[in-house]
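Visitor:
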Amino acid sequence: MNLKKYLLTCCALFICLLNVASLKAQSIYFSPPLLFNSQYPCGISNEVRAEQITEDQLGILWMIGKDSVNRSLYSYNGAVWTSYPIPFDFWDYRELEIDASGNKWIGTKKHGLIKFDGSSFELYNAANSALQCDDIKALKTDLLGNIWVLQICSFNMYLTKINNGTWETFNQVQTGFEFCNEFRFTPDNLGNVYFKTHKSTCTQNNFIVKFDGANYDTISGYDNHIFEMTCDSQGNLYALFRFDPNDGSAIKQIGVYDGNQWTYYKQPEGLSSGTYLRAMTTNDIIYKKGKLWMYNNQRKDFHSFSFSDSVFTFYETNIVYNAKSIDFTVADDNKIWFIYKTTGEVLSGDYVFPRTVSGTVFLDANENGILDNNESGIEDVIVTLNPEGVYATTNDQGFFEFGLNDTTLTHEVVVNLPPYSYFTNSTGTYEVVPSSQSITNLEFGFNYDSTITDVGVSLSSTPPVPGFNRTIYATATNYGYLTISDTLTVTADSFYQNITDVNPAPLSVSGNTVKWLYSFAQNASITFSFDATVDLAAPLGTFTHSTAIIEPVADDTVPQNNFDTLEQEIVSSYDPNEKTAESSGPLLAGDAITYTIQFQNTGNYPASFVIIRDTLDANLDPASIQILGHSHPMSWSLSGVGYLEFNFENINLPDSSTDEAGSHGFIQFSIRTKAGLPVGSIITNEAFIYFDYNPEVATNVTTNKIENVTFITTPPSS
6 MNLKKYLLTC CALFICLLNV ASLKAQSIYF SPPLLFNSQY PCGISNEVRA
56 EQITEDQLGI LWMIGKDSVN RSLYSYNGAV WTSYPIPFDF WDYRELEIDA
106 SGNKWIGTKK HGLIKFDGSS FELYNAANSA LQCDDIKALK TDLLGNIWVL
156 QICSFNMYLT KINNGTWETF NQVQTGFEFC NEFRFTPDNL GNVYFKTHKS
206 TCTQNNFIVK FDGANYDTIS GYDNHIFEMT CDSQGNLYAL FRFDPNDGSA
256 IKQIGVYDGN QWTYYKQPEG LSSGTYLRAM TTNDIIYKKG KLWMYNNQRK
306 DFHSFSFSDS VFTFYETNIV YNAKSIDFTV ADDNKIWFIY KTTGEVLSGD
356 YVFPRTVSGT VFLDANENGI LDNNESGIED VIVTLNPEGV YATTNDQGFF
406 EFGLNDTTLT HEVVVNLPPY SYFTNSTGTY EVVPSSQSIT NLEFGFNYDS
456 TITDVGVSLS STPPVPGFNR TIYATATNYG YLTISDTLTV TADSFYQNIT
506 DVNPAPLSVS GNTVKWLYSF AQNASITFSF DATVDLAAPL GTFTHSTAII
556 EPVADDTVPQ NNFDTLEQEI VSSYDPNEKT AESSGPLLAG DAITYTIQFQ
606 NTGNYPASFV IIRDTLDANL DPASIQILGH SHPMSWSLSG VGYLEFNFEN
656 INLPDSSTDE AGSHGFIQFS IRTKAGLPVG SIITNEAFIY FDYNPEVATN
706 VTTNKIENVT FITTPPSS
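Okay, so the sequence shown: first residue is 6 according to the working numbering, each after it adds one.
So, in structure tokens, the structure goes:
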């Protein structure tokens with residue numbers, strides 16, 4: 006299952022064997038995409054670079070920003086932005102917090118602490134206050150009126166509490182918070198402060214430290230990989246853990262500490278590890294209206310967990326850049342406000358939709374136009390919502406869902422059928438008329454043309470390097486309805502030697518030719534492979550030509566795809582994480598491009614999962630995607646305006662230092678350029694590869710161009 010394949014599923018209840026904690030059951034819900042829009046037209050000049058954003062108790066947004074002239078604090082009441090110029094000539098703001106009295110506090114990196122009371126600004130630093138230096142590492146407030154300031158000064162940690170003009174400073178001996186710690190802490194609303202420790206050099210290694218204003222203690226009963234913490238108004242502590250504290254498995258979950266014991270909310274079993282909590286690297290977590298909100302800066306999406314009904318909700322977004330440096334807040338107007346600090350861009354998106362439209366695409370075997378009990382939904386069917394031009398793929402139940410941000414416009418839902426199929430109860434298009442009501446029961450039935458025979462084959466391999474072992478993959482696909490049994494034959498180029506590790510077992514191996522028997526049902530595919538060594542004497546720059554043929558050819562509807570040739574240049578080195586783009590000839594508007602994304606685990610430990618994210622060029626037609634081959638089992642999804650994702654769950658990809666040949670993988674797909682593109686149109690593409698929790702690896706950028714081809718017909722001679 007995958008993030009873009011929206012479904013609701015429940016998990017079994019896990020009983021914790023430890024008496025210090027309990028583990029709650031929970032469900033998972035995949036929201037329609039959360040689409041962010043730039044908020045510069047709302048009153049902020051596009052010259053303003055935003056830095057921090059938060060919301061006060063009255064629902065007013067507050068933001069720090071600057072333009073070419075001024076540094077200002079901005080407020081937004083839902084209609085108008087108001088600026089308050091900051092009268093200090095520096096720009097090193099790090100934190101923005103609002104205290105219980107409505108005062109705004111700004112922490113800086115080198116100039117101390119700024120207070121804004123609604124009419125004037127005041128600067129506090131080491132020269133005029135109890136601050137130990139001018140470096141503000143972190144800043145928090147609570148509902149008791151306390152402002153908590155964390156500092157590092159001359160390799161010592163200090164915590165300062167400000168309340169109604171009274172300043173009190175505590176050192177690391179008093180608080181238990183050491184210089185080696187990460188600068189993450191959170192106050193509750195009972196006068197306590199919780200510190201997150203992490204690094205192995207700390208005396209209090211991998212603990213949560215609680216400081217009550219006089220003494221500190223460590224809290225037991227939790228795992229030793231704590232990512233983020235926050236508190237609610239009742240004093241409950243919320244923490245995001247990397248590992249299950251009961252069995253040590255690498256899976257993220259939420260823990261709630263009520264002052265006596267922990268309650269854990271584990272992510273649902275059986276779902277993609279790379280999809281959500283397990284791959285999360287949050288900047289912050291926010292507790293708001295009974296929900297814990299998180300941002301995943303690896304996947305660039307939002308997550309929430311509702312404690313009233315134990316439901317995880319995942320919000321895919323249209324954020325396309327690598328947003329590691331961000332700030333966000335969850336506002337009372339059902340919006341998430343988001344700042345991308347690298348550019349200072351301000352975005353907002355509705356996380357509550359006025360209405361949704363959803364339905365099921367199913368195989369209507371008896372063609373009665375009704376989803377009967379013995380009929381099933383079909384996975385990976387592409388559905389389009391117009392005029393937005395956004396996409397979704399059906400989940401394993403055939404379900405899809407779109408969120409609509411309006412109640413007054415007309416929309417169109419279009420189902421893109423698999424090859425050689427036809428609708429049994431509609432034209433595949435549904436008009437969504439203006440209304441305030443959601444539509445939840447659309448049914449699109451289809452069946453296959455049972456007269457069609459169409460099998461195809463696609464070859465792939467990493468670039469050949471003299472003396473190195475390579476795996477040649479042949480993916481055979483049955484595009485038709487009938488079950489087919491026949492042979493697949495692959496012949497490796499003469500520069501390949503020593504055919505080994507043939508999988509599955511072949512019918513025969515003769516020289517460089519491998520033959521298999523195959524049998525598969527409709528819309529199924531099988532990946533065949535073998536290893537071979539590139540001749541050490543193979544000249545660099547020479548091109549290899551390996552071929553494949555899948556039978557039957559004579560009765561095949563499209564015999565052209567029964568053949569494939571893999572042409573590769575012999576090289577001395579190459580980028581193991583690369584992308585190639587090929588067309589069958591001069592690229593014309595409407596023609597297909599075949600993309601192959603190669604990846605390799607060059608780390609020092611096996612990768613448990615690999616995720617590939619690809620934002621498609623606007624000149625490509627997302628509805629035309631066809632999966633051609635892949636090295637390992639995977640799931641895929643399409644969403645938004647063209648966000649393509651491949652998820653290799655439980656791949657356990659070996660690292661290159663222990664198994665070079667086994668450390669590689671690939672995905673291959675084709676997609677058509679849009680019809681009507683003018684000559685000279687450029688199509689670029691780039692993918693990002695994620696190995697477990699590591700930062701993404703960017704592939705090269707491929708470039709294709711729509712050509713001007715003139716066909717000359719020679720008349721027959723008289």
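Beta carbons are placed, not taken as given, at the ideal position from N, Cα and C, and that holds for glycine.
Tell me, which residues are paired with GLU587 by DSSP?
Guide: As a first step, residue 587 is located in the sequence shown; it is residue number 582 there, counting from the start. DSSP lists THR599 as partners of GLU587.
Visitor: When the Cα of TYR648 is compared with those of TYR221, SER589, THR398 and GLY240, which residue comes out closest?
Guide: Along the sequence shown, read from residue 1 onward, the residue named residue 648 stands at position 643. Of TYR221, SER589, THR398 and GLY240, the residue nearest in Cα terms is THR398.
Visitor: Taking SER490 as the reference, give the member of THR532, LEU658 and ILE555 with the closest Cα.
Guide: Walking along the sequence shown from the start, residue 490 turns up at place 485. Residue ILE555 is the option with its Cα nearest to SER490.
Visitor: Taking the straight line between their C-alpha atoms, what separation do you get for LYS29 and THR268?
Guide: As a working mapping, residue 29 is identified with position 24 in the sequence shown. As a working mapping, residue 268 is identified with position 263 in the sequence shown. Bear in mind that the predicted position of LYS29 carries a pLDDT of just 43, short of 50, making it unreliable; the figure below should be weighed with that in mind. Roughly 7 Å between the two C-alpha positions.
Visitor: Using a 10 Å radius around the Cβ and a threshold of 16 neighbouring Cβ atoms, would you call ILE375 buried or exposed?
Guide: The count along the sequence shown starts at 1 and reaches residue 375 at position 370. So ILE375 ends up on the exposed side.
Visitor: Name the DSSP beta bridge partners of SER353, please?
Guide: Taking the first residue of the sequence shown as position 1, residue 353 is located at position 348. ASN42 and TRP342, per the DSSP bridge assignment.
Visitor: Which residues bound the beta strand (DSSP E) around ARG57?
Guide: Locating residue 57 in the sequence shown gives position 52, where the first residue counts as 1. Position check: residue 57 holds Gln in this sequence, whereas Arg was assumed. Run containing GLN57: 54 to 60, per the beta strand (DSSP E) assignment.
Visitor: Are the CB atoms of GLU60 and GLY70 nearer to each other than 8 Å?
Guide: Along the sequence shown, one-based indexing puts residue 60 at 55. Along the sequence shown, one-based indexing puts residue 70 at 65. No, the pair does not count as a contact, with Cβ atoms beyond the cut-off.
Visitor: Find the nearest neighbour of LEU144 within the set LEU101, ILE504, GLN258 and SER524, judged by alpha-carbon distance.
Guide: For the purposes of this step, residue 144 is taken as the residue at position 139 of the sequence shown. Among LEU101, ILE504, GLN258 and SER524, the Cα nearest to that of LEU144 is on LEU101.
Visitor: Any contact between the segment 61 to 81 and the segment 105 to 124? By contact I mean 3 or more CB pairs, one from each, below 8 Å.
Guide: Flag = yes, the segment 61 to 81 and the segment 105 to 124 touch.
Visitor: Using only alpha-carbon positions, find the residue among PHE568, TYR610, PHE614 and GLY634 that is nearest to THR599.
Guide: Here residue 599 refers to the residue found at position 594 when the sequence shown is read from its first residue. Residue GLY634 is the option with its Cα nearest to THR599.
Visitor: Taking 8 Å as the cut-off, does the segment 478 to 498 touch the segment 556 to 575 (at least 3 CB pairs, one atom from each stretch)?
Guide: Result yes; three or more Cβ-Cβ pairs closer than 8 Å.
Visitor: Based on the DSSP secondary-structure assignment, which residues constitute the bridge partners of MET639?
Guide: Stepping through the sequence shown from its first residue, residue 639 is reached at position 634. According to DSSP, which records beta bridges pairwise, MET639 is partnered with nothing at all.
Visitor: Give the single residue among PHE428, THR412 and GLY364 whose Cα lies nearest to the Cα of GLN402.
Guide: Along the sequence shown, one-based indexing puts residue 402 at 397. Measuring from the Cα of GLN402, the nearest candidate turns out to be GLY364.
Visitor: Please name the residue or residues paired with HIS116 in a DSSP beta bridge.
Guide: Position 111 of the sequence shown holds residue 116. In the DSSP output, where bridge partners are listed per residue, HIS116 has none listed.
Visitor: Helix, strand or coil: which one does DSSP assign to VAL178?
Guide: Residue numbering aside, residue 178 sits at position 173 when the sequence shown is read from its first letter. VAL178: helix per DSSP, three-state reduction.
Visitor: Note down, in chain order, each residue of its chain lying with its Cβ closer than 7 Å to the Cβ of THR415, except the 5 sequence neighbours on either side.
Guide: Residue numbering aside, residue 415 sits at position 410 when the sequence shown is read from its first letter. The residues are GLU436, VAL437, VAL438 and PRO439.
Visitor: In the DSSP output, which residue or residues are listed as bridge partners for ASP306?
Guide: Along the sequence shown, one-based indexing puts residue 306 at 301. Looking at the DSSP assignment, ASP306 forms a beta bridge with ASN301.
Visitor: With DSSP as the reference, label PRO468 as helix, strand or coil.
Guide: Along the sequence shown, read from residue 1 onward, the residue named residue 468 stands at position 463. Correct three-state label for PRO468: coil.
Visitor: If I'm right that LEU464 touches ASP569 with Cβ under 8 Å, what's the distance once you round it to whole angstroms?
Guide: Mapped onto the sequence shown, residue 464 falls at position 459. Mapped onto the sequence shown, residue 569 falls at position 564. Yes, they are in contact, since the Cβ atoms of LEU464 and ASP569 sit about 5 Å apart, within 8 Å.
Visitor: With respect to the beta strand (DSSP E) encompassing PHE614, which residues constitute its N-terminal and C-terminal limits?
Guide: Counting from 1 along the sequence shown, the entry for residue 614 is found at position 609. Element bounds for PHE614: n/a, residue is neither H nor E.
Visitor: In terms of alpha-carbon separation, which member of LYS109, CYS236 and THR678 lies closest to LYS296?
Guide: Locating residue 296 in the sequence shown gives position 291, where the first residue counts as 1. Considering only alpha carbons, the answer is CYS236.
Visitor: Could you give the C-beta distance for PHE312 and TYR320, rounded to a whole number, given that I count them as a contact under 8 Å?
Guide: Position 307 of the sequence shown holds residue 312. Position 315 of the sequence shown holds residue 320. With a Cβ gap of about 18 Å, PHE312 and TYR320 do not count as contacting.
Visitor: Could you give the residue range of the beta strand (DSSP E) that holds THR223?
Guide: The count along the sequence shown starts at 1 and reaches residue 223 at position 218. Looking at the DSSP string, the run of the beta strand (DSSP E) that includes THR223 is 221 to 224.
Visitor: Under 8 Å, do GLY670 and VAL615 count as touching if we go by C-beta distance?
Guide: Translated into positions along the sequence shown, residue 670 becomes position 665. Translated into positions along the sequence shown, residue 615 becomes position 610. Result yes, Cβ atoms of GLY670 and VAL615 sit closer than 8 Å.
Visitor: Apply the 10 Å Cβ neighbour rule to TYR427 and answer buried if 16 or more other Cβ atoms are within range, or exposed otherwise.
Guide: As a working note, residue 427 is residue 422 in the sequence shown. Burial call: exposed.
Visitor: DSSP beta-bridge partners for THR526?
Guide: In the sequence shown, counting from the first residue as 1, residue 526 sits at position 521. Before going on, a small fix: residue 526 reads as Ala here, not Thr. ALA526 pairs with nothing; no bridge assigned.
Visitor: ASN220 and PRO192 - do their beta-carbons sit closer together than 8 Å?
Guide: Numbered from its first residue, the sequence shown carries residue 192 at position 187. Numbered from its first residue, the sequence shown carries residue 220 at position 215. No, the Cβ-Cβ distance between PRO192 and ASN220 is not below 8 Å.
Visitor: Is DSSP giving ASN373 helix, strand or coil here?
Guide: For the purposes of this step, residue 373 is taken as residue 368 along the sequence shown, with counting starting at 1. Looking at ASN373 - three-state DSSP - the assignment turns out to be coil, as it is neither helix nor strand.
Visitor: DSSP three-state call for ALA666: helix, strand or coil?
Guide: Here residue 666 corresponds to residue number 661 of the sequence shown, with the count starting at 1. ALA666 falls in the helix class under three-state DSSP.
Visitor: What does DSSP give as the partner residues of VAL460 in its beta bridges?
Guide: Walking along the sequence shown from the start, residue 460 turns up at place 455. The partner list for VAL460 (beta bridge, DSSP) reads ASN483.
Visitor: Grab me the residues of ALA703's own chain with a C-beta within less than 7 Å of its C-beta, minus the 5 sequence neighbours each way, in chain order.
Guide: As a position in the sequence shown, residue 703 is number 698, starting the count at 1. Same-chain partners within the cutoff: GLU691 and PHE693.
Visitor: If distances are taken between C-alpha atoms only, which option among PHE41, THR348, ASN452 and ILE687 comes closest to ILE341?
Guide: Taking the first residue of the sequence shown as 1, we reach residue 341 at position 336. That would be PHE41, whose Cα lies nearest to the Cα of ILE341.
Visitor: What residues match up with VAL214 in a beta bridge as DSSP calls it?
Guide: Counting from one through the sequence shown, the residue named residue 214 turns up at place 209. Answer by DSSP bridge pairing, in chain order: PHE200 and THR223.
Visitor: In the DSSP assignment, find the unbroken beta strand (DSSP E) run with GLN258 in it and report its ends.
Guide: Taking the first residue of the sequence shown as 1, we reach residue 258 at position 253. From DSSP, the beta strand (DSSP E) with GLN258 extends over 258 to 262.
Visitor: Would you mind stating whether ILE2 and ILE602 have Cβ atoms separated by less than 8 Å?
Guide: The chain is shown only over 6 to 723; residue 2 falls outside these bounds and no answer can be derived.
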